[in-house]
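Position 164 of the first sequence, counted from 1, bears residue number 176 in our numbering, the numbering being contiguous throughout. We put the CB at the ideal spot given by N, CA and C, even for glycine. Here the structure is a predicted model, which is why all the values come from computation and not from measurement.
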Amino acid sequence: MSLKIYNTFSRKKEPFEPLNPPEVGMYVCGITAYDLCHIGHARCYTAFDAIYRYLVFKGFKVKYVRNFTDLDDKIIQRANEKGVDIKTLADQNIEAFYEDMDTLGLVRPDVEPRVTEHMQDIIDVVRRIIDNGYGYVKNGNVYFNVQAYDGYLQLSGRKLDDMVAGARVEVNEEKEHPLDFALWKAAKPGEPSWDSPWGKGRPGWHIECTVMSTKYLGHRFDIHGGGADLIFPHHENERAQSYAAFGTDFVKYWMHNGFVTVSEEKMSKSLHNFLTIKDVTAMYFPEALKYLLLSMGYRKPINYSEEAMARAEDRIEYFYESIAAAREYIDRRGGTVDPKVVQQSMDRLVDYMDDDFNTAGVLGGLNTDVKALNEALSIKGKAPAKADRIASLLQAIERQGAVLGLFTSDPQSVLDGIRKRRIAALGVTEDEIEQAIEARKAARKDRDFERADAIRNELAAKGIVMMDTPQGTIWKARRLGVNDE
RNA sequence: GGCGGCAUAGCCAAGAGGUAAGGCAGCGGUCUGCAAAAUCGCGAUUCUCCGGUUCGAAUCCGGAUGCCGCCUCCA
């Protein structure tokens, strides 16, 4: 099987045939840098990170471009509220964005263009659109004439008349058609502005992506992605602008990720029901968020809940514990990798990923493998094939994980990170736990099991589980109150 | 009002014409002083409902119902 991608434009899965193989151009709409990122952003960039990694794994030479919108109404407004200039605000939020992306272990795109650094390019494209008869100037504003492009609304599958009838279109006397949108906005007093042939002003919202995507990827490129809420009007308008400027349908495959919901409602700034990436990764180990986001197909909605996060974190813990145990075993006993075992898992991964990047299926397979790994680990004695089986499954897990950007960290530091977050949430200190373990050890030595059990129960009530092993007593922290629902 | 998507066990979720992955929870066994962790075994004659196509449908077609989203800034 070969790679198929669901194309929003055709609403079908299509065979992936890049314009210039093995090169692939991929543009993903980036952030508007006026605030911290929420986990909806995390979903989008995690999904396209996995897509990027898989395309690279398949042997494509991917050029990945993701923009920063560092100039728009919201940035200007927020900067005014805070009494800083827009560059300061944008820089702060871009820095915070990088922290978030690094926390989640997402790769940096090859090019990350900013709007304010592409003014001349934007002006040039707006001029082309006017020259080609798709734009008009009114009082220093430049508008796109949607009636001039008969392909308008093809991406979102709507009709011009229905859109107008659907109301809620802003009234603007300057526009020839209510759906005409601004390519260039005349400067208002107190707003940052740039010189242009139409007077001082700044770009409209959609033009930046048209300009920066085509500048770095050519007038026609392979993949354009973003959240499903961008289909209309953002991507629809980009498409119209590109056609107007360059006479081509600029994107071959339109890809849109589904939303993150909270209590089944879309997470959005206007509903004030969003959590930032920083909120979530402070509470839960960051890779758990990544696991949760990849545990469903990228087009389906994901409902965020504490319970879902706790379960994802449990899975991360389980994987890393298993990986650590397997490595420890192999360090002691050796073990030869059977390429067939690894290949079988990788073939399964390819089958899933080729089917529109089914990361959920891959995770299912990974769970089967890690369970098999623990099964091998739990065999008593030294069955001859045991070490080889462990070595093979470990490699299968690590190689699959690498394709998704999962399970690539040092197990001990992950386990420590999970443990720290959990005891903080439980309000218990490590000293407290160590003291209890010592007290219980003494009781057990005296074979006072009643007292030993009482100590253990006391800690269990606080969410700390003690476990006796041949190497001594170890402990784990649980998340309380999330499995009761 | 227009357009799009989704509906699979108690819960989360793969599967896209050939007889239901995986995870959580639950029950029973191994292990253990007892536990925990880990592991083994057990769960849908059936995929919202009603028709149709087919030797065969969770998968295709038609219809119904319910939920979600877009049409305004939004990943």
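Worksheet item: The alpha helix (DSSP H) spanning F461 covers which residue range?
Response: By 1-based counting over the first sequence, the position of residue 461 is 449. Residue range F461 to A473 is occupied by the alpha helix (DSSP H) that includes F461.
Worksheet entry | Where the beta strand (DSSP E) containing E35 begins and where it ends | Numbered from its first residue, the first sequence carries residue 35 at position 23. Start and end: E35 to V40.
Discussion item. Please report the distance separating the alpha-carbon of H53 from that of M38.
Written reply: Locating residue 53 in the first sequence gives position 41, counting from the first residue. Locating residue 38 in the first sequence gives position 26, counting from the first residue. So the alpha carbons of these two residues sit roughly 17 Å apart.
Worksheet item: Start and end of the beta strand (DSSP E) containing M479?
Response: Numbered from its first residue, the first sequence carries residue 479 at position 467. Looking at the DSSP string, the run of the beta strand (DSSP E) that includes M479 is I476 to T481.
Item to complete: Measure the alpha-carbon distance for D496 versus E319 and round it to whole angstroms.
Response: For this step, residue 496 is matched to residue 484 along the first sequence. For this step, residue 319 is matched to residue 307 along the first sequence. Per-residue confidence for D496 stands at a pLDDT of 37, beneath the threshold of 50, marking its modelled position as unreliable; the derived number appears in the next sentence. Each residue's Cα considered, the two are about 9 Å apart.
Fill in: Separation of F244 from V292, as counted between CA atoms
Indexing the first sequence from 1 puts residue 292 at position 280. Indexing the first sequence from 1 puts residue 244 at position 232. C-alpha separation (whole angstroms): 29 Å.
Worksheet entry | Backbone CA spacing between D366 and Y310 [nearest angstrom] | Sequence index remark: in the first sequence, residue 366 carries index 354 (1-based). Sequence index remark: in the first sequence, residue 310 carries index 298 (1-based). If you take the alpha carbons of D366 and Y310, they lie about 13 Å apart.
Worksheet item: What are the start and end residues of each continuous alpha helix (DSSP H) run of 4 or more residues lying completely inside the stretch 407-447, in chain order?
Response: The qualifying runs are 423-438.
Worksheet item: Per DSSP, G484 is paired with what?
Response: To locate residue 484, count along the first sequence from 1; it is residue 472. T481, per the DSSP bridge assignment.
Discussion item. On the criterion of 16 or more Cβ atoms from any shown chain inside 10 Å, does H284 qualify as buried, or is it exposed?
Written reply: If you number the first sequence from 1, residue 284 lands on position 272. Flag for H284 reads exposed.
Worksheet item: Identify the residues that DSSP records as bridge partners of A76: which are they?
Response: Your numbering for residue 76 matches position 64 in the first sequence. Here the sequence assigns Tyr to residue 76, which means Ala is not the residue at that position. Secondary-structure assignment with DSSP links Y76 through a beta bridge to M38.
Practice prompt. Would you give the residue range spanned by the alpha helix (DSSP H) that L67 belongs to?
Written response: Looking up residue 67 in the first sequence gives position 55. It spans I51 to F69 - the alpha helix (DSSP H) in which L67 sits, taken as one unbroken run.
Worksheet entry | Run of the alpha helix (DSSP H) containing D366, from where it starts to where it stops | Within the first sequence, numbered from 1, the residue matching residue 366 stands at position 354. Looking at the DSSP string, the run of the alpha helix (DSSP H) that includes D366 is P351 to D366.
Worksheet item: Leaving out five residues before and five after N386 in sequence, what residues of the same chain have Cβ atoms less than 6 Å from its Cβ?
Response: For the purposes of this step, residue 386 is taken as residue 374 along the first sequence, with counting starting at 1. Same-chain partners within the cutoff: S334.
Worksheet entry | Helix, strand or coil at I506 [DSSP, three-state] | With the chain covering 13 to 497 only, the question about residue 506 has no answer from this structure.
Discussion item. Between the alpha carbons of Y18 and P351, how many angstroms are there, rounded?
Written reply: Sequence index remark: in the first sequence, residue 18 carries index 6 (1-based). Sequence index remark: in the first sequence, residue 351 carries index 339 (1-based). In this structure, the alpha-carbon of Y18 lies about 32 Å from that of P351.
Worksheet item: Out of curiosity, what's the CA-to-CA distance linking W487 and P27?
Response: Reading the first sequence from its first residue, position 475 is the one you call residue 487. Reading the first sequence from its first residue, position 15 is the one you call residue 27. In a straight line, the C-alpha of W487 is about 50 Å away from that of P27.
Worksheet entry | Residue(s) in a DSSP beta bridge with N153 | Stepping through the first sequence from its first residue, residue 153 is reached at position 141. Paired residue(s): K150.
Worksheet entry | From L15, L31 and V374, residue whose alpha carbon lies closest to that of K264 | Counted from its first residue, the first sequence places residue 264 at position 252. When C-alpha distances from K264 are compared across L15, L31 and V374, the shortest belongs to L31.
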